Every structure is written in C-alpha cells, then in structure tokens.
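So the structure is just underneath, and the comments pick up after that.
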Amino acid sequence: MMSYFHEKRRFKLLKDRLQAGLTDDERNFLEAAEIGNLDTVKDLLESDRVKVDCVDQQGRTALELAVSGNDVDVVVYLLERSNPRIIHKALLCAADNDMERISEMLLDHPIYRQSLQRYMEATTDAFLQAEDMPLQPEVRIRTGGDTPEVKLEDEDEDGFFSLGNVSKLLREVLLRAAKRNNFQIVKKIMMHGVFLEEPHDYFCSCHECTIWRREDFKVFTTRRLDTFRAMASPAYIALTEEDPIMAAFSLSQKFRSLSEIEGEYKQVYQELDHQVQNFTIALLDQCQSSDEVKTVLSGKPKIKHDNGIDETDESSSDILPMVHMALRMEQKKFVAHPQCQAQIGELWFSGVPFLRYLNRFLYLTLAVPVGMVVCPLFSFIYLVAPWSKVGKVVNTPLMKFLSYTCSYLTFLVLIITSKLYLRFAFNFLVCDKPPDYAYAIITIILLWIVGLIWEEVKQIWQAGAVDYFSSLWNVIDSIMLSLLLASFVLELVTPLRINRIIRDPVRVKVFNITSNQYDTTFLPLCTTITREASSDVGYCPRKTYTRVSEIVWTPTWVPDPELLSDILFTLGTIMSIGRFSFIMPANEALGTMLVSFKRTIADLLKITGMFLLVLFAFACGIATLYAPNKCLTDKFGSFTNTLSTLTWSVFGMGSVEAPSLNGNGSVDSLTNNPTRSSGVATVGHYLYGVYVFASMIVLLNLLIAVMSNTFNEVQCERDVEWKFARTELWLTFIEPGTPVPPPFNVIPSPRNIWRAILWLCRRSDLKFFLPHEGKQVRYAAVQTGSMDFAEADSRSEASVPISGRRTRQDVMCILIRRYVREVERMKIEGEDGDKATAEEQLRRLIERMAAKLEKRIDEVQLVATRVQHDVKEVHHDSARISSLQEQQTDMMKTFSDHRLREIDRYTRMLDETKLDILARMDAERLEMERVLQHRLSNLHHQLETDFQSLLRPSAQRPPR
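Quick note on the UniProt record's numbering: the sequence shown kicks off at 1 and runs consecutively.
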C-alpha cells in the first residue's frame with residue numbers, strides 16, 4: 001500500500017513538472033513549420049487537427065520555429081492566423097536571431113503599425129504641446145479572425161491587444177536587438193518612437209524604484225543591467241546620440257562608478273566599460289584623413305545633466321577639446337590611439353619640426369644644462385620682441401617645455417643653495433644697512449616663487465577650482481609653493497622683527513662696549529655678523545649671537561619661527577624635488593615606471609591598513625601582558641613604548657632581548673609568584689616572534705606580491721599608460737599661455753600691455769583711439785606667435801563658405817556609416833573583433849549550409865518535375881499504341897465481314913492485301929516500340945546524370 005501511494009505521488013510529480021507530450025499531428029505541424037514545409041502546415045492547420053498556438057517541449061510556437069528557420073513563406077502564412085502574443089514572441093525570436101527581413105515583416109503588422117502612425121503624428125505636429133494634446137481613447141487591436149480588427153475601446157477585454165502596452169513590448173524587443181548590436185532592427189524599432197530610459201541612480205528613493213526593490217530585487221537588478229547593456233551597445237549609441245563619442249565617455253565613467261557601488265556585478269560593468277571604449281576607438285579607426293580626425297577631436301563636448309538638458313562644456317580647452325575631455329574622464333585607450341597621438345604630436349612639434357628627429361630623452365637631458373644658460377636670454381628677447389623669429393620659436397610647445405624645465409631646475413638649485421650656503425643673506429636684514437647682494441638674492445627667490453604662484457593662479461582661473469584640484473600634480477604644486485612661501489616669509493620677517501626689538505630702547509638696554517674695534521652707535525649683533533661673514537666659510541651665526549648678544553625665544557607655547565621655517569622648507573624641498581618627476585613621461589621607460597609607482601602607492605595604502613590592524617592588536621596585547629611588570633622593562637613599559645618598539649622592529653631595528661625583563665623593580669601582583677616574571681618573558685618572546693613573522697614575513701611578502709602584480713598589469717598596457725601620461729604633459733604646454741617661464745612671467749610683455757589698453761578702451765568711452773580693425777587683427781596675430789596656429793586655422797576655416805567644408809555632424813554621420821558597414825561585413829565573414837564563440841561560429845556555419853541545401857533542394861524539385869512530365873509523355877505514347885492495336889483488330893473484322901461473299905473470287909487478292917496491311921502495321925508497331933525504348937533509355941540516363949551532379953559537390957566540398 002505504501003509503495004502504491006509512493007508511486008502515485010511520483011507519477012503526479014512527473015506529470016506536474018514535465019510539460020505534457022505532443023500528439024503526432026502537433027509534432028508534424030511543428031516540424032513542418034521548422035523545416036519550411038508549407039503544404040503540411042496548411043493541411044494540418046486548415047483541417048483543424050492542430051491549433052496555431054501549440055508549443056513544443058521548449059515552449060516555442062510554430063511561428064517562432066519558422067522565424068528561427070528563416071522561412072518567409074511559412075512566417076507570412078502563420079502571421080495572418082496568430083494572435084498578438086505569439087507575434088510578439090516571434091518578434092523577440094527574430095531580434096535574438098538577427099532576422100532583419102522577418103523583423104521588418106513583423107513590425108509591419110497592424111498592432112505595431114498603429115504605434116508608428118501615432119508617433120509620426122506626434123513628432124510632425126510641431127505646434128502641439130504635450131500637455132495641450134486632447135486625450136484620445138486607447139486604441140486596441142483584436143486578432144480573433146484571419147485579419148486583425150482595429151477598435152477603439154476604453155476597457156481591456158479578452159482578445160484585445162492594448163496599444164498602450166505596445167511601447168513596453170517594443171522596448172523589450174529593443175533591449176534584445178541592442179544587446180545583439182543589430183543596427184537595422186534597432187533603427188526599425190526606434191522609428192516606432194520607442195527609446196530607452198536611463199535607469200535611476202542606484203540609491204534613488206523615488207516611488208517607482210522603491211516598489212521595484214520591494215517587490216523583487218532580482219528583477220529590479222536584472223532590469224537595470226539589461227538596460228545598461230542595451231545603452232552600451234554601439235548600435236544604440238550611434239543611432240540616438242548627437243555626439244556618440246561624448247556619450248560613450250559619459251557611459252564609461254558611469255560604469256566605472258557603478259562597478260564600485262555594485263560590487264557583485266563589477267565584472268559586468270567593467271565589460272560594458274571596455275565595450276564603449278572600444279566603440280570610440282572603432283570610430284577613430286574609420287577616419288580616413290587628418291581633416292576628419294581634427295574635426296572629431298575639435299568638437300565642443302556637451303555634458304548631459306540630470307534634467308535631460310545638454311549644455312556645452314565651456315571650461316574645456318579650445319585646442320582639441322575632446323582630448324581634454326578624454327583626459328578628464330580617463331579614456332586612456334582613446335587618448336593613446338595612433339590617430340589622436342598623431343594630432344597631438346603635430347601640435348607638440350609645431351614651429352620646430354626639425355626637433356622631431358631628435359625626440360630622445362638623452363637629447364632632452366643634454367638640452368637642460370644648455371637651456372639653463374640660454375633660457376634667460378630667449379625669454380628676454382621674447383619680452384622685448386615677441387614677433388621676431390626667436391620669439392616665435394620660444395612660443396612653441398616644445399620650447400616652452402624646455403624653458404619651464406630649465407627654469408624649475410634652476411629654481412631648485414637656487415633655493416637649496418640659499419638655504420645651505422647663503423643663509424646669512426636673510427640674517428643681514430637684522431642690520432640697519434644690509435649689503436646689496438642680500439637684497440638681490442632675496443628678491444630673486446621671492447620673484448621666482450611669485451612667478452610659480454602666478455602660473456598656478458592662471459591655471460585655476462582657466463580650468464576652475466574643481467578641475468584644478470582634481471589633478472594630483474596641481475595639489476602637490478599648491479602645497480609645495482605654500483610651504484616654500486611660508487618658509488621664506490618667516491625667514492624674511494624674523495630678522496626684521498628682531499631688528500625692531502633690538503632698536504627699541506624701552507625693551508633693550510644700551511650696550512656700553514669700550515673697545516677700539518666697535519663703535520657704540522652700531523648694534524653689536526650687526527658688527528659681529530659682518531665681521532664673521534667675511535672670514536672663513538665655516539662660521540656659525542649662532543655662536544656669534546651667543547658671544548655678543550643672546551636672543552632667547554621665551555614663549556614656549558608659540559613655535560620658534562626659525563624652527564618652523566626650517567621644517568616647512570624641508571617639506572617643501574622634498575616635494576619640489578619629487579615634483580621634478582613631471583618630465584619622466586617624456587621617456588617611455590621612465591613614464592611607465594612613474595605610472596607603476598602611482599599604482600603601487602594605492603597597494604601600499606591597502607597593506608598599510610592591514611599592518612596597522614596587526615600592529616595595534618599586538619601592541620594592545622603585549623602592553624597588557626607587561627602592565628604589571630612595567631617597572632622591569634623599558635621596551636614594553638607603556639602602550640607608547642610598545643607601539644614604538646613593534647613599529648621599528650618591522651624595519652629591522654628591533655632587539656631580540658626586547659621581551660626580556662631586567663629583574664630590578666617592583667611587580668604589581670597579589671600572589672607574589674616568583675616565576676611570574678619568567679612566564680611573562682616567555683609569553684612575550686612568543687608573541688613578539690609571531691608579530692615579527694606576521695608583519696615581516698607575511699605582510700611584507702604580500703606587499704611585494706601585490707606590487708609585482710600591479711607592475712605586471714602596467715607592463716601589459718605600458719604603451720597606453722605611457723601615452724596617456726605623456727599626453728597630460730604635452731597638453732599642459734600646448735595650451736595657450738605665457739611662453740616665458742618664471743620669474744620672467746611676472747614681467748608684463750608688450751602683448752599684455754596692448755591687451756590691457758584694448759580692454760580699457762572697450763570698457764571706457766575711448767573707442768575712437770582704437771586703430772583700424774584690420775591693423776588690430778594683424779597686430780594680434782603677430783603677437784600670438786606660432787602657438788596660435790590653431791586660432792589661425794580656425795580663422796581660415798571660418799573664411800571658407802559653409803558649403804565648402806563638412807561640419808562635425810556630417811563627419812560623425814560618415815564615420816558611423818563606415819562603422820556600420822564594417823560591423824555588417826565582419827558579421828558576414830565571421831571576423832568579430834572579440835573572436836566569436838564556438839557556438840556563434842557553429843550557428844553561422846549551419847545557416848550557410850542550410851541556405852545551400854535549400855538551393856539544392858529547389859534544383860532537385862525542378863528535376864523531379866521534369867521527370868514527372870516525361871513520364872506523362874511515356875504514358876501518352878503507350879495509350880496511342882494500344883489504340884492503334886484496337887484499330888488493327890477492328891479493320892481485320894471489317895474486311896472479313898465485307899468480303900465473305902467475295903472470298904472465292906477475291907481470295908488471292910484478299911490474302912495479298914491482308915499480308916501487306918499486316919506487314920505495314922507490324923513495321924509501325926516495331927517503330928513505335930523502338931522509339932519508346934529509346935526515350936526510356938534517354939530518360940534513365942538523364943536521371944542518373946542529374947543525381948550524380950547533385951551528389952558530386954557535397955562529396956568533393958573541402959571540409960570547413
């Protein structure tokens with residue numbers, strides 16, 4: 001009994017969990033629809049033995065199978081007899097299988113054509129506003145019979161298909177077609193007014209997002225991912241965005257941020273990021289001339305805000321704005337593309353093309369010492385005569401880079417020398433009459449710092465504070481200059497303040513020195529400094545102060561200005577010398593090393609967090625262990641000492657005897673156990689050893705492994721990383737600016753004076769003092785030098801009529817068309833850039849073989865028809881022979897009946913006549929049989945020849 005119920009329950013499970021089987025007619029119907037047997041489909045469907053909505057074990061209808069088989073005739077026949085649900089599933093199947101022709105047929109169905117008509121009416125009526133449009137009754141389509149019937153209804157009934165839901169259904173088809181990157185299907189669907197809406201922010205708390213999260217979080221996440229996959233498709237970006245490159249940049253930046261927020265789908269977002277980046281590279285690959293590349297890179301990028309309004313980014317540079325935007329959004333592959341690098345290199349060597357042949361880092365290092373001597377002369381010439389040939393050469397990007405490098409290196413040498421060997425120049429300010437060279441040294445240093453600060457101020461003014469401080473180099477420059485300025489200001493203010501205090505008769509008593517060497521009218525401090533400064537090199541001003549007049553800094557709660565100045569200068573010097581690494585991207589090997597160093601800093605911070613965790617854990621534990629014995633040890637007597645001991649032990653500066661106790665001192669214990677100290681020391685040695693092992697062996701080797709991995713990643717993309725870093729360096733000097741380096745940039749040039757005069761004239765009522773417009777343009781062009789080649793080109797292009805040049809939108813349309821053709825060609829040839837999977841290649845091979853088999857089957861059907869016609873002719877000839885035989889028999893009877901009475905008289909004549917007739921009829925019959933035999937042999941030979949010709953190409957076809 002138990003087994004019976006068990007078997008019954010098992011049978012019920014099998015029945016519930018497995019779809020019911022198909023009948024023979026349904027199986028034949030679905031197989032006929034799949035192979036394209038239209039006669040069988042018609043026979044089974046018109047005889048009402050099957051229904052059009054029957055499905056196979058995989059849930060596929062006959063229309064879906066016909067769509068998968070790409071049989072147009074069967075699809076047309078079934079389309080007239082299918083309901084909207086089946087049609088929509090077939091459209092999804094066509095989008096999944098890239099059936100463009102069938103998708104177009106399905107989209108021409110009335111249930112979709114109504115939405116297209118409504119969208120076209122809404123888009124063409126430019127005078128109607130969305131809020132002023134009258135509410136129309138909802139259009140619903142009923143497809144109960146052979147032809148769809150369109151009705152206007154207000155309520156949803158069975159058998160009706162709501163047009164309001166058509167847009168949602170088409171949006172689902174658009175998602176699948178976009179993920180398949182099918183341009184034609186995506187375009188056809190978009191013509192129905194269906195577009196994708198960007199998902200809300202991940203942390204959005206609107207009513208819709210809240211409901212989606214609450215109902216089914218899995219569906220909510222899958223919906224977001226599918227939408228992003230479709231929006232990242234090149235087909236969707238190319239057909240919907242006015243600027244596909246900028247849209248791809250924005251999507252790439254969004255995917256990188258989402259990969260950090262949604263960590264569980266990080267790999268998916270990274271793949272989408274690579275996809276949109278490869279799309280921008282593919283568009284650049286389609287450029288066939290330098291003009292097209294310049295047009296693409298010189299477009300003003302538009303930023304899309306949350307309210308859906310696109311605004312032009314006015315903060316971007318006028319020279320290659322798209323490259324600047326790519327740098328801001330870290331589109332490294334786009335920046336490192338050969339087409340982009342060629343345009344940047346052309347600007348970099350503009351004005352001095354002969355230096356391209358000397359583009360080596362060795363020549364750069366040799367040019368720096370020479371430039372430190374020649375740079376002041378060239379800068380002075382540019383300030384005096386910027387229109388001269390030397391001024392134009394100085395205004396080139398490469399020469400600006402060399403000038404700035406030489407100036408910066410000179411500045412480093414000057415400030416270090418002034419601190420180490422010319423420190424007394426600032427101390428002379430204590431005296432009433434300091435020497436002139438002290439003023440010269442102080443002025444040069446401060447002018448250099450002011451010039452560097454002025455450069456940074458101009459960068460903040462041009463780029464904005466947000467963009468300026470987003471760069472690490474700019475932050476380092478700001479901190480470095482702030483530290484140096486504060487240090488030298490303290491060096492300058494301290495002696496002046498001391499001079500004022502010493503000269504104050506109220507605060508300082510009068511010195512009475514009776515000696516022939518000193519005069520009481522001078523300050524003893526100044527005379528001592530003057531005398532000692534002119535003696536040996538190794539003089540020490542502090543000893544002089546101690547011997548003659550002592551100055552004591554009494555407020556201990558206020559930092560010593562000299563000490564504070566030295567600390568600030570030390571930090572500023574370290575950052576200044578480290579900042580000199582900005583020239584490293586000029587060389588490929590050094591630039592790659594600099595990128596690797598930046599990456600490893602992040603790894604170091606991660607490992608530092610783990611190290612601090614281990615350090616504090618062991619510090620707290622060991623400090624607690626040694627707390628009762630704190631009088632017996634110096635290394636672990638307190639938490640601070642324990643932390644210091646453990647920290648320095650990581651760097652190999654720890655002692656093996658650190659956990660030991662000296663035995664001299666009291667122990668905070670209640671039991672007075674004499675073996676307590678030895679037990680604490682034993683456990684301390686073990687803990688100390690475990691800490692050293694965990695920090696030096698485990699964490700240190702882990703850090704080395706992580707850094708090695710990071711270095712290998714950079715090496716795999718060293719060309720892209722180096723070119724991206726070099727482009728950042730080059731564009732800094734390609735942008736228009738003052739060509740002379742600090743401190744010459746603080747000196748106003750004739751160009752700046754002329755601009756100030758023009759500005760004053762425009763601001764005031766002195767416009768009649770302005771020269772002729774042509775002279776003004778000519779003078780401005782002369783003053784700009786070779787750096788404003790881009791402005792000159794823009795002026796020359798502006799002079800060309802609009803019909804004679806292509807706009808950026810025209811070039812973008814041409815590039816997209818070329819890209820679409822390239823993608824279609826690769827799909828046909830199976831040469832996908834990402835290497836199609838084995839399943840995709842097998843599917844394409846099956847499709848090709850199916851097309852060839854269909855062609856061969858048509859030929860076989862034609863031959864079979866011809867054979868059938870010949871067989872009919874053979875049957876007709878056989879009927880004629882039978883009729884002739886019957887005629888012969890009738891004639892014999894007739895002759896015998898008519899001549900019985902004359903048999904005697906005409907016996908001989910009748911016999912001769914009969915023999916002649918029989919001989920003639922036998923000869924005719926033999927001739928007919930011979931002709932029939934000949935035709936049958938020819939027909940048999942022709943059939944053998946046709947079948948052999950059909951089988952021979954399949955056997956001799958080379959294997960694929």
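Every residue gets a Cβ at the ideal spot worked out from N, C-alpha and C, and that includes glycine. Predicted model only: the values in this text are computed from it and were never measured.
Element boundaries [alpha helix (DSSP H), containing residue i]
i	result
residue 967	What the structure shows of the chain is the stretch from 1 to 960, and residue 967 is not part of that stretch, so it cannot be assessed.
Gly-684	676-692
Asn-427	424-427
Phe-611	588-626
Cys-406	397-420
Leu-258	244-261
residue 962	Here the chain comprises residues numbered 1 to 960, so residue 962 is not present and cannot be evaluated.
Pro-84	84-96
Asp-216	Note, Asp-216: premise wrong, no alpha helix (DSSP H); not H, not E.
Tyr-439	436-463
Leu-169	166-179
Residue i, DSSP secondary structure in three states
i	result
Val-50	coil
Thr-807	coil
Thr-642	helix
Val-706	helix
Val-323	helix
Val-55	strand
Thr-23	coil
Thr-889	helix
Thr-633	coil
Thr-61	strand
Lys-300	coil
Ser-487	helix
His-200	coil
8 angstroms CB neighbourhood of residue i in its chain, flanking five on each side removed
i	result
Ala-178	Val-186, Leu-196, Arg-229, Ala-230, Met-231, Ser-233, Ala-235 and Tyr-236
Arg-726	Pro-585, Ala-586 and Gly-591
Glu-824	Phe-183
Leu-699	Ile-607, Met-610, Phe-611 and Val-614
Candidates the options, of which the one nearest residue i by Cα
i	options	result
Gly-391	Glu-924, Ile-814, Leu-758 and Arg-751	Arg-751
Phe-947	Val-76, Leu-447, Asp-96 and Gln-861	Gln-861
residue 1044	Ser-565, Trp-212, Ile-704 and Ser-655	Only positions 1 to 960 of the chain appear in this structure, which leaves residue 1044 out of reach.
Asp-603	Gly-578, Met-707, Gln-459 and Leu-568	Met-707
Arg-101	Val-67, Tyr-112, Pro-84 and Asn-83	Val-67
Phe-255	Asp-560, Trp-212 and Pro-199	Pro-199
His-941	Val-867, Ser-644 and Asp-71	Val-867
Thr-227	Glu-262, Arg-171 and Leu-485	Arg-171
Leu-92	Arg-81, Leu-106 and Glu-80	Leu-106
Leu-398	Ile-415, Phe-354, Asp-25 and Leu-420	Phe-354
Phe-616	Thr-647, Gly-578, Asn-278 and Gly-263	Thr-647
Glu-728	Arg-579, Ile-622, Ala-919 and Lys-332	Lys-332
Pro-739	Thr-280, Leu-481, Ser-403 and Gln-277	Ser-403
Proximal residues to residue i (C-beta, below 7 angstroms), its chain only, five neighbours per side dropped
i	result
Ala-336	Asp-719, Val-720, Lys-723 and Phe-724
Asp-372	Per the sequence shown, the amino acid found at residue 372 is Met instead of Asp. Correct list, in chain order: Cys-406, Leu-409 and Thr-410.
Leu-225	Tyr-265 and Val-268
Asp-98	Arg-180 and Asn-182
Ile-577	Leu-412
CB-CB length for residue i against residue j, believed under 8 angstroms
i	j	result
Ile-441	Ala-465	Between Ala-465 and Ile-441 the Cβ distance is about 34 angstroms, and since that is not below 8 angstroms, they are no contact.
Leu-251	Tyr-269	Wrong, their Cβ atoms sit about 10 angstroms apart, outside the cutoff.
Met-322	Leu-297	5 angstroms
Ile-734	Ile-476	Their Cβ separation, rounded to whole angstroms, is 21 angstroms, which puts Ile-734 and Ile-476 out of contact at 8 angstroms.
Val-746	Val-450	6 angstroms
Cβ shell of residue i (< 6 angstroms), same chain only, five flanking positions each side left out
i	result
Ser-749	Leu-383
Arg-356	Phe-349
Leu-174	Ile-189 and Val-194
Gln-783	Annotation note: pLDDT 30 at Gln-783 (below 50); position unreliable, no value reported.
Ser-949	none
Ala-32	Thr-40 and Val-41
Val-820	Phe-183
beta-carbon residue i near the ligand NAD non-hydrogen atom, thresh 8 angstroms
i	result
Leu-853	Of the ligands one can find in the structure shown there are none, so the ligand NAD has no counterpart to examine.
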